[in-house]
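Encoded as structure tokens, the structure appears first; notes follow it.
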Amino acid sequence: MQKIEEMKIQSSADVVLVRQAVRQFAIEVGFGLVDQTKIVTAASELARNTLDYGGGGTVKLETLQEGGRRGLKLTFDDQGPGIPDVDMALKDGFTTGGGLGMGLGGAKRLANEFEIESVVGEGTRVIVVRWK
Amino acid sequence: MERIPILQMGEFLLVTIQVDMHDRLAMTLQDDLTNRISQTNANGVLIDISALEIVDSFIGRILGNIAKMSRVMDAETVVVGMQPAVAITLVELGLSLTGIRTALNVEKGMALLRATVGEPATEAIATEWDEEDDAED
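So the protein sequences, as listed, match chains A and B. Each residue of the first sequence is one higher than the last, beginning at 968 in this note's numbering. Each residue of the second sequence is one higher than the last, beginning at 504 in this note's numbering.
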């Protein structure tokens, strides 16, 4: 049965709650420890981006079942300033904040599927999927 | 305010991170450690992360900052106990934790710190005696 949960990301405490919820979902999908760690780490990076760069937002957690395989899909949404140059933002080491610039590119590497849509002045949506 | 305890063991400071840290708590740890190094004249810091289920780029940056700041204050930092799944994920994330010394566990970390900062001669002799005693038993 599909499980869906939507959570708000408004504080650094919320980022911790998102990590814990993603861990629970990953366990339910049947991920091993390494896969759990990868998707939780990706979620942590993206939730922090939503908070720090998007000014807060939401994440939707969904379990997936396609044919015989199961997966976990995370959709991060914010109504922040948007990203003018997505390709640049995905490059390692690029940051407009005080971070290492590893978050977005790192999250992409930790997921099996990665999508980003951003409109300047309207917000950003990032979708990551990891399959078991 | 929530804080991560810092223990003093001789000339070393010992931190065991046992909670899922939010970002501000990690920043507080960085500030607290720098203050404690200065207050205690510690010359080594050991950070046990064996209870950490993830290390993301933010925590990686904080660990790197702690290592750099303590070095500027004449103290060495060793991070110990990283879980294998965390190490695998870190590499894929793209973090190499450059400049951070690591050891598998607390015992090896302490040995590395002692070897790096150099133990006072008297203590080194005492340790040798202990080892000989053990050998005879």
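Virtual Cβ for every residue (Gly too), placed ideally from N, Cα, C.
Contact list for residue i against chain B, beta-carbon separation under 7 Å
i	result
methionine 1069(A)	Ser560, Leu596, Gly597 and Leu598
serine 1011(A)	Ile557 and Asp559
aspartate 1059(A)	Gly597
threonine 1008(A)	Ile557, Asp559, Thr592 and Leu596
Reference residue i, options the options, closest by Cα
i	options	result
glycine 997(A)	Phe1081(A), Gln1032(A) and Lys1075(A)	Gln1032(A)
glycine 1070(A)	Gln987(A), Trp1098(A), Asn1016(A) and Val1086(A)	Asn1016(A)
glutamate 972(A)	Ala980(A), Thr1063(A), Asp981(A) and Val989(A)	Val989(A)
methionine 512(B)	Arg506(B), Ala529(B) and Ile550(B)	Ile550(B)
proline 1051(A)	Asp981(A), Ala1074(A) and Ser1085(A)	Ser1085(A)
glycine 602(B)	Thr592(B), Ile565(B), Leu532(B) and Thr543(B)	Ile565(B)
aspartate 1002(A)	Leu607(B), Arg506(B), Val589(B) and Ala545(B)	Val589(B)
leucine 984(A)	Leu1067(A), Val1026(A) and Gly1064(A)	Val1026(A)
leucine 510(B)	Thr543(B), Gly621(B), Asp559(B) and Asn608(B)	Thr543(B)
glutamine 586(B)	Thr531(B), Gln521(B), Met530(B) and Leu607(B)	Leu607(B)
valine 548(B)	Val594(B), Ala554(B), Leu532(B) and Val558(B)	Leu532(B)
lysine 975(A)	Arg1097(A), Gly1023(A) and Ile1006(A)	Gly1023(A)
threonine 592(B)	Ile1006(A), Gln987(A), Val982(A) and Gln969(A)	Ile1006(A)
Contact set between residue i and chain B, taken where Cβ atoms lie within less than 9 Å
i	result
lysine 1075(A)	Ordered by position in chain B, no residue passes the 9 Å Cβ test against lysine 1075(A), which lies about 10 Å from the chain.
Chain A residues whose Cβ lies nearer than 9 Å to that of residue i
i	result
isoleucine 591(B)	Val1001, Thr1004 and Lys1005
aspartate 523(B)	Val983, Arg986 and Gln987
Whole-number beta carbon distance between residue j and residue i, since they are thought to touch under 8 Å
i	j	result
glutamate 556(B)	threonine 1004(A)	7 Å
arginine 1076(A)	glycine 563(B)	In fact, because the Cβ distance is near 15 Å, the residues do not count as touching under 8 Å.
aspartate 523(B)	serine 979(A)	Wrong, their Cβ atoms sit about 11 Å apart, outside the cutoff.
alanine 1074(A)	leucine 1013(A)	5 Å
threonine 1008(A)	aspartate 559(B)	5 Å
isoleucine 648(B)	leucine 528(B)	With chain B covering 504 to 640 only, the question about residue 648(B) has no answer from this structure.
Contact set between residue i and chain A, taken where Cβ atoms lie within less than 8 Å
i	result
arginine 527(B)	Ser979
arginine 564(B)	Gly1066 and Leu1067
Chain A contact residues for residue i, given Cβ-Cβ distances below 7 Å
i	result
alanine 588(B)	Leu1000, Val1001 and Thr1004
Proximal residues of chain B, C-beta to C-beta of residue i below 8 Å
i	result
glycine 1072(A)	Gly597
arginine 1015(A)	Asp526, Asp559 and Phe561
For the stretch 585-629 of chain B, which segments carrying the alpha helix (DSSP H) assignment without a break, of at least 4 residues, lie completely within its bounds, in sequence order? Along the length of the stretch 585-629 of chain B, whole alpha helix (DSSP H) runs at least 4 residues long occupy 587-596 and 609-620, reported in chain order.
Taking 8 Å as the cut-off, does the stretch 1081-1090 of chain A touch the stretch 1027-1046 of chain A (at least 3 CB pairs, one atom from each stretch)? yes
Is the number of C-beta pairs between the stretch 1051-1069 of chain A and the stretch 509-516 of chain B that are closer than 8 Å three or more? no
Segments assigned beta strand (DSSP E), at least 3 residues, entirely inside the stretch 512-578 of chain B: 515-519 and 547-551
Tell me whether the stretch 1035-1043 of chain A and the stretch 526-542 of chain B touch, counting them as touching only if at least three CB pairs, one residue from each stretch, are closer than 8 Å. no
Quick check: the stretch 578-591 of chain B against the stretch 988-997 of chain A, are at least 3 beta-carbon pairs closer than 8 Å? no
Should the stretch 571-579 of chain B be regarded as contacting the stretch 1074-1087 of chain A, the criterion being three or more beta carbon pairs within less than 8 Å? Counting Cβ pairs under 8 Å, fewer than three are found: no touch.
Counting Cβ pairs, one atom from each stretch, are 3 or more of them under 8 Å apart for the stretch 1013-1029 of chain A and the stretch 562-572 of chain B? No: the two stretches stay apart, fewer than three of their Cβ pairs being nearer than 8 Å.
Entirely within the stretch 996-1034 of chain A and at least 4 residues each: give me those alpha helix (DSSP H) ranges in chain order. 1000-1019
Runs of 3 residues minimum, wholly inside the stretch 1036-1061 of chain A: which ones carry the beta strand (DSSP E) assignment? 1036-1045
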